[in-house]
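Numbering (my numbering), first residue to last: 2 to 195. We put the beta carbon where it would ideally sit given N, CA and C, even for glycine. To start, the structure itself, in structure tokens.
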């Protein structure tokens with residue numbers, strides 16, 4: 002004869018009525034908790050904006066460049082802002098003309114199209130020509146480590162925005178920036194060639 006507090010085993014697992022009832026009550030309690038949280042969120046976070054909030058949004062929208070460029074606006078905020086106002090973005094690249102068409106579907110349904118020229122191949126790998134010219138000028142009378150220090154002092158940066166070092170200047174000069182007045186010994190010395 003079976004015990005009245007047990008149910009037939011299911012696939013070898015014997016569950017008691019008490020354990021099933023406890024699991025049911027736990028699940029029911031979790032469901033009720035979720036319903037309460039949803040109701041609170043619906044009333045607060047998902048509620049339509051009141052007049053004061055609508056006015057604040059209109060003021061911000063009227064001066065969007067100020068919001069975008071504010072020092073307190075971070076990249077994460079800008080991305081969130083873009084995701085709010087853009088429903089879809091499609092980019093189609095034409096390799097023959099090295100151009101791209103960007104189609105933006107805005108949240109309100111308006112569609113705008115933009116055509117942009119892609120930069121020439123290798124363009125992103127080039128150091129600013131002004132920095133290279135300055136390096137050529139300095140190479141006539143300064144060793145690499147001094148050139149690096151002077152370029153950094155003047156605000157010159159590599160193509161990736163890094164500060165100049167002896168090694169970076171030396172590598173750049175191997176690509177075609179030649180010395181004119183400095184010989185090999187002076188180039189590596191700690192004083193200038195003047």
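Next on the checklist: Do residue 100 and residue 116 count as a contact pair if the criterion is CB distance below 7 Å?
Outcome noted: The Cβ-Cβ distance between residue 116 and residue 100 falls below 7 Å.
Next on the checklist: Give me the DSSP bridge partner(s) of residue 105.
Outcome noted: Under DSSP, residue 105 shares a beta bridge with 90, 113.
Item to check | residue 87 burial status per 10 Å Cβ neighbour count (16 or more: buried) | outcome: Exposed, by the Cβ-count rule.
Item to check | Neighbourhood of residue 91 by C-beta distance below 7 Å, restricted to the same chain and skipping five residues each side | outcome: Excluding sequence neighbours, residue 91 sits near 104.
Next on the checklist: Please report the distance separating the alpha-carbon of residue 52 from that of residue 44.
Outcome noted: If I take the Cα positions, the gap works out to 16 Å.
Item to check | Neighbour-count burial assignment, residue 76, 16 or more Cβ in a 10 Å radius | outcome: Exposed is the call here.
Next on the checklist: When you compare the CB positions of residue 157 and residue 132, do they come within less than 7 Å of one another, or not?
Outcome noted: Yes, they are a contact pair.
Checklist entry - To which residues of the same chain is residue 89 closer than 6 Å at the C-beta, ignoring the five residues directly before and after it? => result If you ignore the 5 residues before and after residue 89, its C-beta comes within less than 6 Å of the C-beta of 106, all in its own chain and listed in chain order.
Checklist entry - CB-CB under 7 Å to residue 153, same chain, minus the five flanking residues each way: which ones, in chain order? => result Only 164, 165 meet the Cβ criterion.
Checklist entry - Is the beta carbon of residue 171 sitting closer than 7 Å to the one on residue 145? => result It is a contact, given that the beta carbons lie within the stated cut-off.
Checklist entry - How would you label residue 136, buried or exposed, when you count the other beta carbons within 10 angstroms and need 16 or more for buried? => result With 16 or more other Cβ atoms within 10 Å, it is buried.
Item to check | Of the residues 176, 93, 61, the one placed nearest residue 119, counting alpha carbons only | outcome: Taking only the C-alpha atoms, the option nearest residue 119 is 93.
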